[in-house]
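Q: Protein chains in written order, with the working numbering: chain F, 218 to 499; chain V, 47 to 356. Below: one structure in C-alpha cells.
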C-alpha cells in the first residue's frame, strides 16, 4: 500500500493525521458550509452585518418553507424529474443495444461506429447548438420537456455506448458461443444471456446519467425558456431574481436544487464510483 | 435439366433470408435506433454548423451567403481574442486538478476509522451542478458577505473583490471550477491506488525507494490509466466551461471572463443579438481546438484496442 499505512508510523504522527483530517475537510467544504449557514439565518442578520457569526435565530423552517411554498421551485424540481428520468431510461436502453452490437459482433465498420460515438461524446456543445435549436423549433418541440429529453438521450448515447460496449467486451465470450451452439436466437441471447449480466453496468450508468442530466444547464438555456419546461438548474436564476439579495433564501434554494443528485450519490455510492472510474484500472 | 439433390446439402434452406444473414443483420438492427438518434442530434449538426458559419443569419429570416466573412470578422474581433486567451488560461490552470487530486488521494489513502465517509465528503462537490458551484463560489467571493474576505480579515489582509476585478475574475472562476474537478481526479486516483501492486511497492522498499522517489518511479507508472482519464476529462471540462461563467460573472466585468463557448452563446442567443452565422463560426473554431485533443484521445484508445485484440 502506498503511502505507508499510518498505523506503522509513530503515535504522534497518527494523532497528527487524525487531527488533520477534519481540519482539511472543513477547509475543503468551507464555501459550502458558508452557504449552508446562510440558509438557516434570519434576514435581519444580513442587515446587522452578522455574516459568519452565530445566527441570531435559526430560521431553517421559515427559509426552506419559503422555497417550497412561495416560489416556483417545486415546479422546476418536478420538471427536472420529468426530464431526467425518461432520459436515463432512453439512453440506457439504446446503449444496451448499441453496446451489445459493438461488443459481440465482428463486422466491418464496427470500430468506426464505436469511435464515432466516442468522438461525438467529446465535442463542444456549441457546435451543436444552432442546428439542434433550429431542429427543435421546427419540430414544434421548443420549450417542451420532450424536446430536451430527445436531445439528451441522443447525446448521452455516445458516452453510454462507450461504457456498455467496454463492459460487454469484458464478459466471458464463451457464454454467448455456448448459447449459439444450443441454437438460441441472437435476440434471445441479448435478452436472456447478456442483459441479466449487464445489471451492474446498467445501475452504474443510470446513476451517472441521472446526475449529468439533472445538472445540465446549457441545454436547458438553449431549448427552454419558462417555468413550463425549465429544469431546476435554469429555474434557479429566475428564483434568484425573485429573491434578489436575500441570501438566506437564495442559498436555501440552491441547496434544495442540489439535494437530488447528492442524495442519489450517497445512496448509490458504490455504483456511482464504479461507473465514474471505469477504465481507471487496467 | 432435372432437379437433383445437391451433393452437399444446402444449409437448411427452409430458413428465411433473415435467418441466413442474421449474423450481419442482428448487429445492424441493434445499432439502428442509437445510430439514428446520434446522427440526427450530434453528427449531422456538426456539419450543419460548418455550413451555417458561412452565412449571415439571424435565425429567422433569409440567410445570406458571405463565404469566409464571419471568419474574417473574427480576426479583428477583440472580444474573440480575449476569449481565446481565457481558454488558454482555463486549459493550463485546469490541469492543476490532476496533481491536486493525486495529492488529496494520497492523503486519504489510509485505513483509519471513518475514512470512507471522509472520502465521500471530499468527493461530493463533484455531484453538485456547476450552477450551484457557481452560486456557492460567487457568495464565497462576495466583497462584504463572503467568507473569503472574512478569512482574509482574520489574517489581517486587505479584502478583495475577486469577481469585480477584471484581472482577477477569470482566476476566481477557474478556482471554482477546480473544486469539483479536483474531486473527480481524486476519486480516479483513489481507485487507481487501490489496484497498485503491493509486491512492487515492497520490492521498491527493499531497494530503498521512499517518498517522492517511490511515488515517481514505482507508483505513478502504475497509475497511468487513471492519469490518462483524468487528463481527458479535465481537458474536456476546461474547454466546456460555460455554466460557471454564465452564473458567476455573465462574461463580465467588461467582458474579461468570456471564453469561446460563452462568447458563442452570447453572439448567437442573447440580448446582444441573434447572429447565428457568427456564433457558428466561433463554435467551429472551438471545435477545431477540441479536435486536436479528441484526435489524441482517439489515437490512444486505438492503441489500446489494438493491444486488446491480441
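Just so you know, even glycine gets a beta-carbon here, dropped at the ideal spot from N, CA and C.
#1: Within its chain, find whatever has a CB closer than 7 angstroms to the CB of residue 56(V); leave out the 5 residues flanking it on each side and keep chain order.
#2: Select from the stretch 477-488 of chain F all residues with a C-beta closer than 9 angstroms to any C-beta belonging to chain V, and list them in chain order.
#3: Do residue 95(V) and residue 326(V) count as a contact pair if the criterion is CB distance below 8 angstroms?
#4: To the nearest angstrom, how far is the alpha carbon of residue 249(F) from that of residue 222(V)?
#5: Could you give the uninterrupted runs of the beta strand (DSSP E) lying entirely in the stretch 77-119 of chain V, keeping only those of 3 residues or more?
#6: Mark residue 131(V) as exposed unless 16 or more other C-beta atoms lie within 10 angstroms of its C-beta, in which case mark it buried.
#7: Would you call the stretch 180-199 of chain V in contact with the stretch 244-258 of chain V, where contact means no fewer than 3 C-beta pairs closer than 8 angstroms?
#8: Give every residue of the same chain whose Cβ lies closer than 7 angstroms to the Cβ of residue 303(F), excluding the five residues on either side of it in the sequence, and list them in chain order.
#9: Any beta-carbon of chain F closer than 8 angstroms to the one on residue 223(V)?
#10: Could you round the C-beta distance between residue 297(V) and residue 312(V) to whole angstroms and report it? I think they count as a contact, below 8 angstroms.
#11: Residue 330(F) touches chain V at which residues, Cβ-Cβ below 8 angstroms?
#12: Just to confirm my understanding: we take residue 208(V), look at its own chain, exclude 5 residues before and 5 after, and list those with CB closer than 6 angstroms. What are they?
#13: Below 8 angstroms, how does it come out for the stretch 363-381 of chain F and the stretch 328-341 of chain F: are there three or more Cβ pairs, yes or no?
#14: From residue 392(F) to residue 410(F), what distance separates their C-alpha atoms?
#15: Counting Cβ pairs, one atom from each stretch, are 3 or more of them under 8 angstroms apart for the stretch 291-309 of chain V and the stretch 130-149 of chain V?
#16: How about residue 155(V): is its C-beta nearer than 8 angstroms to some C-beta of chain F?
#17: So residue 492(F) and residue 398(F) are supposed to be a Cβ contact under 8 angstroms. How far apart are they, rounded?
#18: Let me see if you follow: with CB-CB separation under 8 angstroms, is residue 431(F) close to chain V or not?
#19: Assign residue 441(F) to buried or exposed, taking buried as 16 or more other Cβ atoms, counted over all protein chains shown, within 10 Å of its Cβ.
#20: Excluding the five sequence neighbours on either side, which residues of its own chain have a C-beta within less than 8 angstroms of the C-beta of residue 274(V), listed in chain order?
#21: So, using beta-carbon positions, are residue 344(F) and residue 333(V) closer together than 8 angstroms?
#22: Determine the closest residue to residue 276(F) out of 430(F), 258(F), 284(F), 241(F), with distance taken between C-alpha atoms.
#23: Output yes if chain V places a C-beta closer than 8 angstroms to the C-beta of residue 269(F); else output no.
#24: How big is the Cα-Cα spacing for residue 224(V) and residue 108(V)?
#25: Once DSSP output is grouped into helix, strand and coil, what is the label at residue 316(V)?
#26: Which residues bound the alpha helix (DSSP H) around residue 190(V)?
#27: Hey, out of 328(V), 339(V), 342(V), 348(V), whose CA is closest to residue 117(V)'s CA?
#28: Assuming residue 319(F) is part of the alpha helix (DSSP H), what are its boundary residues?
#29: Using the beta-carbon of each residue, which ones in chain F are nearer than 8 angstroms to residue 351(V)?
#30: CB residue 284(F) to CB residue 466(F), shorter than 8 angstroms?
#31: Please confirm whether residue 317(F) and residue 286(V) have their CB atoms less than 8 angstroms apart.
#32: Of all the CB atoms in chain F, is at least one closer than 8 angstroms to the CB of residue 208(V)?
#33: Report the option in 381(F), 434(F), 294(F) whose CA atom is closest to the CA atom of residue 320(F).
#34: Can you give me, in chain order, the residues of the stretch 384-398 of chain F that have a beta carbon less than 9 angstroms from any beta carbon in chain V?
#35: Beta carbon of residue 193(V), beta carbon of residue 412(F): below 8 angstroms?
#36: For residue 133(V), which of helix, strand or coil comes out of DSSP?
A: Taking the definition as stated:
#1: Any answer about residue 56(V) is weak, because its pLDDT of 48 lies below 50 and its placement is not dependable; what the coordinates show is given next. Same-chain partners within the cutoff: there are none.
#2: 478, 479, 481, 482, 483, 486
#3: yes
#4: 12 angstroms
#5: none
#6: exposed
#7: no
#8: 366
#9: no
#10: 6 angstroms
#11: 77, 81
#12: 187, 214, 218
#13: yes
#14: 8 angstroms
#15: yes
#16: yes
#17: That belief does not hold up - the Cβ atoms of residue 492(F) and residue 398(F) are roughly 33 angstroms apart, past 8 angstroms.
#18: yes
#19: buried
#20: 346
#21: yes
#22: 258(F)
#23: yes
#24: 43 angstroms
#25: strand
#26: Looking at the DSSP string, residue 190(V) is not in any alpha helix (DSSP H), and its letter there is neither H nor E.
#27: 328(V)
#28: 290-321
#29: 328
#30: yes
#31: no
#32: no
#33: 381(F)
#34: 386
#35: no
#36: helix
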